[in-house]
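Read in order, the letters of the sequence shown are residues 446 to 632 in our numbering.
The beta carbon of each residue, even a glycine, is placed where N, CA and C say it ideally should be.
Quick caveat: nothing in here was measured; it's all calculated off a predicted structure.
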Amino acid sequence: IPDVHIPYEDKLAARLLFQAMSEFEPTILIQTGDLMDCYNLSDFNKDPSRRKLFSDEIKEVNRFLDRLEVVSKSVRRKVITLGNHEERLDRYVQSRAPALCGLQGVSIAEMLSLTSRGWEVYPYRDYARVGKVMFTHDLEYANAGIAARALRDEDHGPGVESRLPQVRQDRRRGDGQLPSARRRVDL
446 IPDVHIPYED KLAARLLFQA MSEFEPTILI QTGDLMDCYN LSDFNKDPSR RKLFSDEIKE
506 VNRFLDRLEV VSKSVRRKVI TLGNHEERLD RYVQSRAPAL CGLQGVSIAE MLSLTSRGWE
566 VYPYRDYARV GKVMFTHDLE YANAGIAARA LRDEDHGPGV ESRLPQVRQD RRRGDGQLPS
626 ARRRVDL
């Protein structure tokens, strides 16, 4: 489940996700970052029409996770690799309230009770391995990216990133296709 960006998620896509979860009964659930948007914590200029309280955003994400739990009874493993939008909280605290750094409860994982909900949580710029496949939010910026790209290039296993790569000519193979690590794989 990539880049949901709650509370700005595509409502139809979310309904289809819940329907698919019920129908297909997967055993592994992987969320590859940017589950939430953290718009108010962004350093960018903000559109007043999009502003919501951060506390309201947390509530909406928790409701989404609650609903996901209801439709995912078959899931035995839940993995989340946090994205750059979840990282906004850490950057916000570091720059505006450094005295709160490391304080219990001041993290996205804790605010969403991810561990107690049974999620394996991987920080932004890290990757999760599920079988022979590596999952991350963004290979380009991940600390894991160097290792992941090296493994990908040596064909030790495919990697999956949730952000669509901005394909530049130098990243394409000679025939203009994406590198082989971008192929679809069945787990």
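In terms of alpha-carbon separation, which member of the options lies closest to residue i?
| i | options | result |
| --- | --- | --- |
| Tyr572 | Glu468, Gly478, Gln549, Phe463 | Gly478 |
| Asp552 | His582, Val538, Arg574, Pro471 | Looking at the sequence shown, residue 552 is not Asp but Ser. For the residues His582, Val538, Arg574, Pro471, the minimum Cα distance to Ser552 belongs to Val538. |
| Asn507 | Asp583, Tyr569, Ser561 | Ser561 |
| His530 | Leu462, His582, Ser558 | His582 |
| Gly563 | Tyr569, Arg570, Ala554 | Ala554 |
Can you give me the C-alpha to C-alpha distance between residue i and residue j, rounded to a whole angstrom?
| i | j | result |
| --- | --- | --- |
| Gly528 | Phe489 | 17 Å |
| Ile473 | Gln549 | 29 Å |
| Tyr567 | Asp455 | 25 Å |
| Val520 | Arg512 | 13 Å |
| Val578 | Arg522 | 15 Å |
| Gln611 | Met556 | In this prediction, Gln611 has a pLDDT of 38, which is less than 50 and means its spatial position is unreliable; what the coordinates show is noted afterwards. Looking at the two C-alpha atoms, the distance is approximately 32 Å. |
| Phe509 | Ala544 | 31 Å |
| Arg574 | Arg536 | 26 Å |
| Arg541 | Gly547 | 14 Å |
| Pro471 | Leu457 | 20 Å |
| Arg460 | Glu505 | 15 Å |
| Tyr453 | Gly576 | 32 Å |
| Lys518 | Tyr484 | 31 Å |
| Leu462 | Val449 | 11 Å |
| Leu559 | Thr526 | 11 Å |
| Glu565 | Asp492 | 34 Å |
What whole-angstrom Cβ distance do residue i and residue j have, given they're in contact under 8 Å?
| i | j | result |
| --- | --- | --- |
| Ser467 | Val524 | Actually they do not touch by this definition, with Cβ atoms about 20 Å apart. |
| Ile475 | Ile451 | Going by Cβ atoms, the distance from Ile475 to Ile451 rounds to 17 Å, so no, they are not a contact pair. |
| Arg533 | Leu480 | Their Cβ separation, rounded to whole angstroms, is 12 Å, which puts Arg533 and Leu480 out of contact at 8 Å. |
| Glu514 | Asp482 | About 21 Å separates the two Cβ atoms, so there is no contact after all. |
Is there a Cβ of chain B sitting closer than 7 Å to that of residue i, yes or no?
| i | result |
| --- | --- |
| Ala465 | No chain B is present in this structure, which holds just one protein chain. |
Jot down the residue ranges of each uninterrupted beta strand (DSSP E) in the region 459-533, minimum 3 residues, whole runs only, in chain order.
Counting whole runs of 3 or more residues, the region 459-533 contains the beta strand (DSSP E) stretches 473-476, 522-526.
Under 8 Å, with one C-beta from each stretch per pair, do the region 457-467 and the region 494-505 reach the 3-pair mark?
Touching, no.
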